[in-house]
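>
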Amino acid sequence: MPADPTPPTVAPWGRDRAEALADLLERSLPGEGFTAEELESVLWDDPGVVLGTTDPAGPVAAGGATVRRFGDTVVGYVKLVVVDPDHRRAGLGRAVLSALEAWCRAEGATEVHLAGTAPVYLWPGIDVAAMTPALCLAEALGYEPRTCEFNMVLPSTVRVPTPPGVALRRILDDADDDAMRALVTRHWPWWLDEYDRALESGTAIGAFVDPPPGAGPEPLGFVCHSVSHLGLLGPMGTDPDRQGGGVGGALVAEVAKDMMAAGVSEVEVCWVGPVAFYAKLGATVHRVFRTYRKRFPSSEGAR
Ligand SMILES: CC(C)(COP(=O)(O)OP(=O)(O)OC[C@H]1O[C@@H](n2cnc3c(N)ncnc32)[C@H](O)[C@@H]1OP(=O)(O)O)[C@@H](O)C(=O)NCCC(=O)NCCS
């Protein structure tokens, strides 16, 4: 479609647009399958901004961003930019991304990243095989490539024996939660947000010493799944003192059982850390993502 000489305007979208955004995303990236509820959770529940086109263009382009604060440093993160396939190459992607950057700058960000908005994100980065136009848009707007991240996949038929003396169970009661929360806080505090969201939706599973000693549950490891999107595994961790004993594999198999019960044929391990651990269970690299960053000139960063 030829470029419109009038720059498109974008305005904030409220969560009442979640359904329209889910439709737009499915038209734009068929098969990603994010539900309106999942988009609400990632884009509106996590404070930030969602911007998109309104009348007369209608909901044909949108995006979302947030900022994360690390001490005095404020970093902007763009979680999504999406344009209807029938309205591409008309400047809408540029308009949405530029407006999200401006919002991040106004929040005090000195740089902005594309995707990878841990702990609340849609993708770890830009999918190099499925999102070619987004790679082009990033380049056109001056983003520099940073890292390569990936997801692995394994069939939901995978089964692993539970090691002797280990009990696996969904984390539902306060005693199990208290014990597991202490383990997560001690070793992986950056995963607490995802742990909490999994707990709320019943998708946090724990490994405990079996039978529990009189003092209460003794946690060995945990796994969460479907935190931002059905079928995604992560985060997970085994107590460093108990690693190498089969706890992690048994936890992955519990997720596979949940997936099978939900009618999902594969488990997608999101934003993989230890490749060999998942490869030994039969997982292979599935999607590869590139992350990007753009630093703002220092005079534009601070408010
Ligand atoms: C990426 C996307 C948002 C771009 O939207 P768009 O409205 O077509 O982008 P624009 O028209 O503003 O393009 C701006 C510039 O980006 C580059 N660009 C965008 N798409 C391109 C393509 N298919 N090929 C080459 N360059 C491209 C060009 O430099 C373009 O400027 P130009 O048209 O003057 O040459 C759109 O293709 C899309 O919705 N893709 C699916 C969603 C997605 O993958 N999002 C990433 C996950 S966050």
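Residue 1151 is where the sequence shown starts when you use my numbering, and the numbers rise one by one after that.
All residues carry an ideal CB built from backbone N, CA and C; glycine is no exception.
As the structure is a computational prediction, the values presented were derived from the model and not from experiment.
Say yes only if the C-beta of A1279 is nearer than 7 Å to one or more non-hydrogen atoms of ligand 1, and no if none qualify.
no
> Can you check the stretch 1306-1379 for any alpha helix (DSSP H) of at least 4 residues that lies completely inside it and give the ranges in chain order?
Runs of the alpha helix (DSSP H) lying entirely within the stretch 1306-1379 and spanning at least 4 residues, in chain order: 1324-1337 and 1342-1351.
> Run the proximity test for G1183: is its beta-carbon closer than 7 Å to any non-hydrogen atom belonging to ligand 3?
As for ligand 3, it is missing from this structure, which binds only ligand 1.
> Quick one: what does DSSP say P1152 is sitting in, helix, strand or coil?
Reliability of the predicted coordinates at P1152 is poor, the pLDDT of 48 falling under 50, and the value obtained from them is presented with this limitation in mind. Residue state, collapsed to three classes: coil.
> Alpha carbons only, please: which of P1158, E1182 and T1204 is nearest the one belonging to G1164?
T1204
> Beta-carbon within less than 6 Å of A1168's beta-carbon, same chain only, minus the 5 sequence neighbours each way: which residues are those?
A1186, L1189 and E1190
> Which ranges would you report for the alpha helix (DSSP H) in the stretch 1373-1439 if only whole runs of at least 4 residues count?
1397-1411 and 1425-1430
> Considering only heavy atoms of ligand 1 and the C-beta of each residue, which residues fall inside 5 Å, strictly closer?
S1178, L1230, V1231, V1232, V1233, R1238, R1239, G1241, L1242, G1243, R1244, M1281, P1283, A1284, C1286, L1287 and A1290
> Using 8 Å as the threshold, is the stretch 1395-1415 in touch with the stretch 1331-1338, meaning 3 or more CB pairs across them?
no
> Among the candidates W1194, C1374 and R1218, whose CA atom is the shortest distance from the CA of Y1345?
C1374
> Measuring straight from C-alpha to C-alpha, what distance separates D1196 and L1264?
About 16 Å.
> Could you give the C-beta distance for Y1271 and V1192, rounded to a whole number, given that I count them as a contact under 8 Å?
7 Å
> Let me check understanding here. Comparing Cα to Cα, which of L1175, D1166 and G1183 lies closest to L1382?
G1183
> Let me confirm a value: F1372 is counted as buried when at least 16 other C-beta atoms fall within 10 Å, else exposed. Which label applies?
buried
> I think V1210 touches V1233, with their Cβ atoms under 8 Å apart; what is that distance to the nearest whole Å?
7 Å
> Touch check for the stretch 1438-1446 and the stretch 1317-1328: three-plus C-beta pairs under 8 Å?
no
> Taking just the CA atoms, how far does D1389 sit from V1308?
23 Å
> When burial is assigned at 16 or more other CB atoms within 10 Å of the CB, is W1341 buried or exposed?
buried
> For R1177, name the three-state secondary structure that DSSP assigns.
helix
> Count the CB pairs spanning the stretch 1393-1406 and the stretch 1275-1282 that are closer than 8 Å, and state whether there are at least three.
no
> So, at 7 Å on beta carbons, what are the nonlocal neighbours of T1297 in its own chain, with the 5 sequence-adjacent residues on each side left out?
T1441
> Please report the straight-line C-alpha distance between P1158 and L1242, rounded to a whole angstrom.
6 Å
> Does the beta-carbon distance from L1304 to G1384 come in below 8 Å?
no
> Could you name the residues that DSSP lists as bridge partners for D1277?
D1277 is bridged to F1439.
> From the DSSP output, read off the bridge partner residues of L1230.
G1214
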